[in-house]
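**Q** Got a structure for you, written out below as structure tokens; questions coming shortly.
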Amino acid sequence: MQLFVFLSKEAKMAPENTQSTAKSVNPDEIAHFSSMADTWWDPNGPFKPLHKLNPTRIAFVRDQICAHFKRDPNDEKPLAGLRILDIGCGGGLLCEPIARLGAEIIGADAAEKNIKTAGVHAEQMGLNIDYRHITAEELAYQGEKFDVILNMEVIEHVADIASFLDACHKLLNKDGCMTLSTLNRTMKSWVMAIAGAEYILRWLPVGTHDWQKFLKPSELCEHAKISGFDINIIQGMVYNPLGGTWSLSNNDFSVNYVALAVKNNEG
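Take the sequence shown: its position 14, counting from 1, is numbered 47 in my numbering, and each next residue is one higher.
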């Protein structure tokens with residue numbers, strides 16, 4: 034029941050070997066989300082499920098980052114001084130609240146059409162956010178480094194998971210952390226995220242998700258390990274249809290789930 038798109042404010046020059054640094058980009062996925070670019074900030078539009086999910090995502094990201102860096106999540110600016118990359122940032126729904134928590138936030142996305150949407154909205158809100166039309170591989174090629182990477186609702190849409198996570202590993206400082214969220218490949222997730230959200234309730238355009246690309250937690254852990262990460266925390270995100278709200282769960286990972294990754298000893 035969630036989505037993703039990449040996005041940015043100013044396109045940067047891509048490296049000369051663009052073909053080898055963009056293996057994770059899926060052109061069909063980029064085209065699909067680009068077609069909805071103008072609706073990112075409409076709370077009743079195609080991204081309505083993501084608007085409802087956002088408070089739970091923000092809470093997880095804030096609390097896990099603060100725990101990792103031994104900070105007080107109740108401080109006014111608990112993320113001050115941290116350089117954070119939101120990879121696949123879409124219209125900036127996560128970038129803006131993270132910026133308000135004090136972080137230096139860079140939003141990167143492979144869908145250029147979404148860049149203007151995020152940039153214009155950030156300017157309207159008086160926020161200074163560095164949006165870039167660029168892929169994870171291109172950022173890694175440029176030698177960028179971050180304290181935190183937000184990898185939320187992205188991995189189920191990339192064309193090459195290994196290339197994508199390898200790039201994230203290169204982008205993350207040795208003592209940094211990465212948050213991830215995705216959908217589990219279960220019958221329940223098919224019923225809720227595809228049959229329910231796309232075909233019955235029409236919350237999302239048909240074709241937003243491919244159930245075959247959903248990842249079981251064990252598969253995510255294995256992909257992460259191969260790329261040099263350890264998954265330290267996994268929590269489910271559970272939807273309450275009566276209240277229309279989301280909450281974190283320590284034992285229900287049947288549809289949506291979030292995770293915290295750090296570089297392993299070999300990384």
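Note that the Cβ used here is the ideal one computed from N, Cα and C, for glycine as well.
Relative to the C-alpha of serine 251, which candidate in Glu170, Val239, Val224, Asn217 has its C-alpha closest?
**A** Asn217
**Q** Starting from isoleucine 267, follow its DSSP beta bridges and name the residues at the other end.
**A** Ala292
**Q** I believe leucine 118 touches alanine 141 by the beta-carbon criterion, under 8 Å. Please report the beta-carbon distance rounded to the nearest angstrom.
**A** 6 Å
**Q** Please tell me whether alanine 136 and methionine 211 are closer than 7 Å, where the distance is taken between their beta carbons.
**A** no
**Q** Is the stretch 145 to 158 touching the stretch 173 to 181 in the sense that three or more CB pairs, one from each, lie closer than 8 Å?
**A** no
**Q** Which same chain residues, not among the five before or five after serine 57, have their C-beta less than 8 Å away from its C-beta?
**A** Thr168, Ala169, Glu170, Val191, Ala192, Asp193, Ile194, Ser196, Phe197, Ala200
**Q** Does the beta-carbon distance from asparagine 297 to glycine 261 come in below 7 Å?
**A** yes
**Q** Would you list the one or two residues that DSSP bridges to tryptophan 279?
**A** Tyr272
**Q** For a test of the three-state rule: what should DSSP assign to valine 15, helix, strand or coil?
**A** Nothing in the structure corresponds to residue 15, since the chain is present only between 34 and 300.
**Q** For serine 214 and asparagine 184, what's the separation of their Cα atoms in angstroms?
**A** 7 Å
**Q** Specify the secondary structure class of aspartate 71 as computed by DSSP and reduced to three states.
**A** helix
**Q** What are the boundary residues of the alpha helix (DSSP H) that leucine 83 is part of?
**A** First-last of the alpha helix (DSSP H) with leucine 83: 81 to 101.
**Q** For threonine 89, count neighbouring Cβ atoms within 10 angstroms of its own Cβ and tell me buried if that reaches 16, exposed if not.
**A** Label assigned to threonine 89: buried.
**Q** Check whether the Cβ atoms of leucine 134 and proline 106 sit closer than 7 Å, and answer yes or no.
**A** Their beta carbons are not under 7 Å apart, which means leucine 134 does not touch proline 106 by this criterion.
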